[in-house]
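Residue numbers (our numbering), protein chains in the order written: chain A, 2 to 1104; chain B, 377 to 756.
All residues carry an ideal CB built from backbone N, CA and C; glycine is no exception.
To start, the structure itself, in C-alpha cells.
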C-alpha cells in the first residue's frame, strides 16, 4: 500500500481528512479553487476517505453533498476550523487546495499548536515550507542557499543610501515607497541623477524607500512542478506572459507552452524549478515564477506558490493533465509512478505532457463596473475572470480568445481605437490598460513598425509579428474589396460571391488565422458599404451566412482535435476536444445518431456571471452523462469544473459564439441544445440558434423572448392583471422628461441589452438624471432605455423555480435583507424567508403560477418582486437558471438544476411541495466585494452589480447564519473602533433600534457631525469627526483608530455619493470592514444578540 | 513578415509528402528546393528543433515535428571555431533529410539567433514542408509499422549524393530505408581528434556523437579523444570509453560490435554506452536488440531507476531497443521505461560498465539524468 502509514494504520476505510476551500470568489482568488478543490474531493473519495470540506462558497461544486463527504459552510478561519476539527476528529488536514485562504489558515493553526492539540497531521507540503513561500525574507534566504538567483532589493531612508544601493544593484532600478499602496511613489530610474532627483521628493512623503532591480520588459515565465514524497519530480507545463514583467500575471495574456524561449532557456529554468521543489520538500504541486532577460540568459526567481493556484488550473486545462487530482493522490502518499495518466489510462502519471497545439489565456476585466477605478494595469491584479483559447497557431488563438472574452465575434479586429489620435494610441502602448492588445493592432493598422510597437510595449516581437500579420491581412482584404463607389446595401449572396474571388487556399488561410465569418463579413462591409449605413450585429450575422455557405460548399470546415497529453504518441480515447482550421483531419468522426445533448457553459467569469452558473452547467452535463445520453459541454473558461473533461462525455473547449456553436452542432448532429443553465451569455444565443433550426431544449424561443422583451412582458402582465412599477421605453430625452414629469422622482434608468446592471442607476433629482443619461451616450430607436418608477423602502423578494409546460413544478421564495435598489447579485439573501408575511408569500406564488402559465415556461426560472405594505409588484422574470440556484438547492435539499434537467429531458416530473417551515435551519447568502483590489474604486453598492463572489452559511437561526455569512465575506467584528455616518433623519431613527448592540462591543465610536449630534442628544458617548476639518474622518481611519465603517448614504444622488466616497475609499484601503446599506447594518448588529451563543456552540451544522 | 504585395495575390510553392503507404500530403515548400527521401519519424518535443535537426541519429530520416509552431527562436548562433560553446547545435550540419511542420516561423528575434530556421535550411540544402496537419501525420506514422516518405515539388533539385556517404546507395524517386545500411561511415569523423584538457582521458567512439556529450565530459575536466568508428581500438590509451549515440540499426554496423567486445569490454576500463552506444554495448555483451514499432523520440520519456526506486524525465531518440529477456546474467537491468517497460539502461554487476538508452546529455530535452555523466567520470 503506497499510502502514508498513519492514514491507513488500523481501520482502512473512512479515515477522515479535512479539506479547506478558498471561500468566496474575489479578485485574485476565484473559480480555479473550485476546480482544484472538487478534483481533490474526487481523488480522496476514490481512496476511501471521508472528506470533511470546510468552505462557505455555497455555489461551488466542491460543496455539493456526497456519500463520503461532509460539507461545512463556515468561514475558513482558525476559530471555525478548530471547532469542526473538535467535532469531526479528523486524522489529517490538507491545506494546498484552497488558495491563500486555506494556506494562511493552516499556517496559523499550526503556529498556535491547534493541530498538535487534536493530533491532526498536515498532508502534502509541510508548514515550514509553506512559510518560506509566504515570507519574503525567508524566501530570499532559502533561494540564496540553493544558488537560485533572486532580484536584489534594499530598504533605504537617506538619499545617500539610496544611491549606494542602486549602485550595488545596477541601473535601471525601481523605487517604491514603503507605506503607500498601488504603486504610488514608484519610479524607474535609469541613472544616478534621475534617481537622486526623484528620491529627494519621494522622501518628503515616505520615510522609507525600497530600491529594487528593475526587471521592466523582462519576460515573465512560469513552471508548474509536481513532486511526490519519494522525490519524483516533473514539470507539467511552462507558460509565458505576452505582457512582459510589470503587469500582474493574473492580468497578463498568457501563452502555454512558452513560445519565445529556446531549448537552452527552457531547460535552465526547468532545472531550477525542479531544484527549488526538491529543496523546498514540496509534496504535491508548486509553481515557480521567473523573470528572464530578453537579451541574454540572465534570470531571477520571482516567487513560488507551494499550492494549487490559478496557474495550475490553467496548466491543467492547457495540457489535459489533471494536476489537482494527481496532487491529491500524492498528498495522501501515492508516488507518481503508482498512478496512471488519466487521459491515456495506460501510461504513467510520471509524465510531462507534450502539446501539439498552443493555448492562450486572456483575462476578463470588468473595470467599468467599478466607480472610479483606474484602468491602468500594473502589479495589482484587477481581472475578474479569464478564458483560454486552443488552436494550432498564434493568430488563431489570439482571435479566438478575444472573441471568447469579449463575448462578440470580432476577435482582434474589434475597432476599439479607430477614432483615437496617434498620441492617445501611443499613450495606450506606453501605459498598458485592459485594451492594450487592441491598441497594438490599431498601431499596426496605421502602418507602425514592429520596432515602434516593441519599443513602446516591450512585448516580444514574436507575438507582435503575428498581430502585424493579422493587421496586414485585414488591410489586404480591405484593398481587395474596396469599391470606387460604395454600396447602399449588401446581400449575403454578394458576400458569397466576394469571397469566391479569394482562392480556396486563401479563404482557408483566413479561417486558420482565426477570422470568424462575422469578421470577414464586417471587413467586406467596411470596404463596400456606405459608411453612413450602420448595421447591427444581428443583421451582420444574417449576412455572414453568405461566407458560411461558401465555406461549406468549398469544404472549408473546422476539424476536431483531441487534447491527449502525448501529442498522439499513444492512441487515446480522450474526450477533451477543440476545433481548428489549421488541420485537415478530425480525431473524432461526425456523429450520426442524434443522441447527444449539448450544454452551453457560461464562458468567462465576470461580474454578474460566476461560479453559480458553472454549478448549473456541471449539474446539467453530469445529469445527462449519468443518463447515458451522450452529454456534450461547450465552455471556454479554464477556471471551471465544467471544463473538467470528466463531467461530460465530450468537452469542447471552445467559443460560445454563434458560429462555433453551430459548427459543433453540425459535428455532433445533436438531439438538442441547453442554453438556459449557463446564465445570460448562452441565453443570448437562443434566438439566433432557434432561427437556424436548432432544437433548443427547455423554454421555447417565444417564451424567452416574451420574458426578455419588456414591452411584451409588460403587456402580458397587464393582461394577467399583475401589478408592475410604472415604466416606459424611451427613445429620446424628451420621452424621459415626459415620463418623469408624470410619475416624479426617484426613477430607475436602465439601458437596453444590459447584463448585471451596467449603467443602471437610480436618479433622485434632475441633476443626477442628467448625469446618468449623459453616461449612456446613445438613446435612440435602436437603443431605447427603460425608465421606471423606483419605489423607496420596499422589500425585494425573489422566487426561484422550475416549470414544466406552463405549470410550476417547484418554486421557493427568497427574501432580500436590503430594500429594493441593491442589485440582486449584491444583495444579502435569506432562505427560508424570515420577515415576509405568509400572505405575501401566497400572493407571490400565485403571481408566479400566472406568469409561468402566461409565458408557457418549460424549464428553470427566476422572478423578482418588490413588496411594500402587502402590495406586490413584478420587476422581472428570467427564463433561465438563476444565480441563486445552488444556494436554494443546497439549503432546501432539492436540486433545482436536476429537476430542470428532467423537464428538459421530457421526463415525467411531479409537483414538489415543500414546507419551508420544516427546514431546520436558516441559510444566508452574502456577497463578497473585491474593492480592496481595485485602487480608487468606490465600495458603494447600488443597482449596478459589483460583487465578485458570494457565500452561503447555515445556522440554527437567522442571527447565526447572518454572523457567519458576514464573517465569511470579510466583515469582521470591530476590535479597534467604529466610524458611523448614518444617513438621513429617518435612517438615524431606525439605526437607534440597534445602537445598543454597537455600544455593547465596547470599542470607541466615532461619528460624522450629524450622526454624532444625534447620538449625543440621546446620551451616547461619541467622538465627533469632520469631513474637512480636524479631527478628520479619513485621518481616524488612516491612523488605525477604527477598523469598522458604517456609512449610509442620505440618498443616491451624485453629490451625496461623492461626499462619502472618500471615506469609503480610505476605509477600503486600510482594510476596514465596511457596510453601506442600512438594512444590512441593522440585521448584522441585531445578530450580535446571539454572538456569544454562536461562539460557544458545540455542534456546527453540516450539509 | 515583411509585406510584399497583397497577400491574396500571392502564390506559394506547393510541396508534397508522398508516403510509402500510398498517402500524400500537400503543403508549402520551405527551406531548400530539394527533393529527398527518407524514413518517416516524429518527435513530440516542443522545443529544440535545431538540436534535433543536427543530431546525427536522425540521419536518413524525414523528421515530423508534432508541435504546431516551429522556428520561433530562429537558429542558435553557430560559433564555428568553438563547437563546444555553440550550444543548440549537436553537430556541424543538419543531419535530417528534411522536416515536416505545421507552421514555420519565418523571422528570428531571439537574442541568441541570427538567422531564421528557413534560411538555415536553405543554406544547408535541406527541404521542408509547412502547412501539414502534423498531428494527423504523427498518427499515420504511429499506426504504420514502417513508413518511408519523399518530399517533392515541381522543379525541385535532386539531393546531392555527396552530402552523406550512405546516399550513394540511393536511387532517386525511391523510398529508401536507411536502416538497411551501415550509417557509421556517414556520421563518424575521419580522423581522431583530442578536445579539452584534464587528468583523465576518455575515448569516445564516434558513431554520430552529439556534441553535448563531449561538452559535458570536457566540463567535467576530462580530455576527450574522439575516435573514428573503424579505428583500431587496441591501440588506444585511455582511462575510460564512451560509445556514442548514432543512427540506424545497431546490427548494421560492420564489425563494430565485435571490436567493442574484443577490445573495449575486455579492457575492464569504465565504459558508458549512450543510445546506439548502449545497444552496441548490449549486443557486445551477448544481448539482443529489437526494432520498436515507432520508437521513442521525445523529451518526456519516463525512465525508472530500479536500484533507486525513483524516476527521471529523459530525452530520447531511438527506434531499436534491447530485448529484456536477452540480458546476460552478469548484467542487471538499471533503468526501465515507465510507460512501456522497455529496457532503458543496463549495468554490469561487477565491472564498471554502464549504459543507457536515453540521453543523459539531453540537448534537446531535460537535463535530469546529467548525473550519469558525473557517475561515469567518478568511475574513472
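Among the CB atoms of chain B, none fall inside 9 Å of the CB of residue 491 of chain A. With respect to the C-alpha of residue 737 of chain A, the residue from A:120, A:785 and A:658 having the closest C-alpha is A:785. In the DSSP assignment, residue 102 of chain A forms no beta bridge with any residue. Put simply, of A:1099, A:977 and A:991 the residue whose alpha carbon is nearest the alpha carbon of residue 1072 of chain A is A:977.
In the pairwise beta carbon analysis, the stretch 102-109 of chain A is classified as touching the stretch 75-85 of chain A: at least three pairs are separated by under 8 Å.
For the stretch 606-622 of chain B, the beta-carbon criterion of a distance under 9 Å to any beta-carbon of chain A is satisfied by none of its residues.
Cβ-Cβ distances below 7 Å link residue 374 of chain A to 368, 935, 936, 937 and 938 in the same chain, with the five nearest sequence neighbours on each side left out; the list follows chain order. In chain order, 293 and 298 place their CB closer than 7 Å to the CB of residue 266 of chain A, counting only its own chain and leaving out the 5 sequence neighbours on each side. Given a length threshold of 4 residues, each whole run of the alpha helix (DSSP H) inside the stretch 264-326 of chain A is given here in chain order: 264-280 and 311-320.
According to the DSSP assignment, residue 423 of chain A belongs to no beta strand (DSSP E) but to the alpha helix (DSSP H) extending over 423-431. Where residue 457 of chain A is concerned, the enclosing alpha helix (DSSP H) starts and stops at 451-458. Within chain B, 678, 714 and 715 have C-beta atoms less than 7 Å from the C-beta of residue 349 of chain A, given in sequence order. For the 9 Å CB-CB criterion, residue 864 of chain A and residue 802 of chain A form a contact. Only buried fits residue 728 of chain A, as 16 or more other CB atoms lie within 10 angstroms of its CB. Setting aside the 5 residues that flank it on each side, residue 597 of chain A is surrounded in the same chain by 630, 631, 632, 633, 650, 651, 669, 670, 671 and 672, each with a C-beta closer than 8 Å to its C-beta; the list follows chain order.
Here residue 189 of chain A has 173, 175, 215 and 217 as same chain residues with Cβ atoms under 7 Å from its own Cβ, once five neighbours each way along the sequence are excluded. If you compare the alpha carbons of A:342, A:545, A:790 and A:134 with that of residue 306 of chain A, the shortest gap goes to A:134. For the set A:72, A:474, A:494 and A:394, the Cα lying nearest the Cα of residue 444 of chain B is the one of A:394. A straight-line Cα-Cα distance of about 7 Å links residue 646 of chain A and residue 576 of chain A. Around the C-beta of residue 460 of chain A, 16 or more other C-beta atoms lie within 10 Å, and the residue is accordingly described as buried. Just measuring C-alpha positions, the residue of A:916, A:790, A:824 and A:826 sitting nearest residue 839 of chain A is A:916. Between residue 502 of chain B and residue 473 of chain B, the CB-CB gap stays under 9 Å. Taking 9 Å as the CB threshold, residue 506 of chain A lines the interface with chain B. A distance below 7 Å between beta-carbons, with the five flanking residues on each side excluded, links residue 540 of chain B to the following residues of its chain, in chain order: 435 and 562. Residue 415 of chain A is outside the set of residues whose beta carbon lies under 9 Å from a beta carbon in chain B. A distance below 6 Å between beta-carbons, with the five flanking residues on each side excluded, links residue 593 of chain B to the following residues of its chain, in chain order: 578 and 600. Between residue 489 of chain A and residue 416 of chain A, the alpha-carbon positions lie close to 22 Å from each other. Contact annotation, residue 349 of chain A with residue 366 of chain A: C-beta distance approximately 40 Å; criterion of less than 8 Å not satisfied.
Linking residue 48 of chain A to residue 308 of chain A through their CA atoms gives a straight-line distance of about 21 Å. Judged by DSSP in its simplified three-state form, residue 768 of chain A adopts helix. Look at the beta carbons and you see the stretch 85-105 of chain A touching the stretch 40-58 of chain A: at least three pairs across the two are nearer than 8 Å. Residue 415 of chain B carries a strand assignment under DSSP once its states are collapsed to helix, strand and coil. When C-beta distances to chain B are compared with 7 Å, the residues of the stretch 222-244 of chain A below that value are 231, 232, 233 and 235, in chain order. Spatial neighbours of residue 823 of chain A in its own chain (CB-CB distance under 8 Å, excluding positions within 5 residues in sequence) are listed in chain order as 797, 817, 942, 943, 944 and 1078. Comparing alpha-carbon positions, the option among A:906, A:90 and A:587 lying closest to residue 627 of chain A turns out to be A:906.
If you ignore the 5 residues before and after residue 656 of chain A, its C-beta comes within less than 7 Å of the C-beta of 401, 404, 405 and 637, all in its own chain and listed in chain order.
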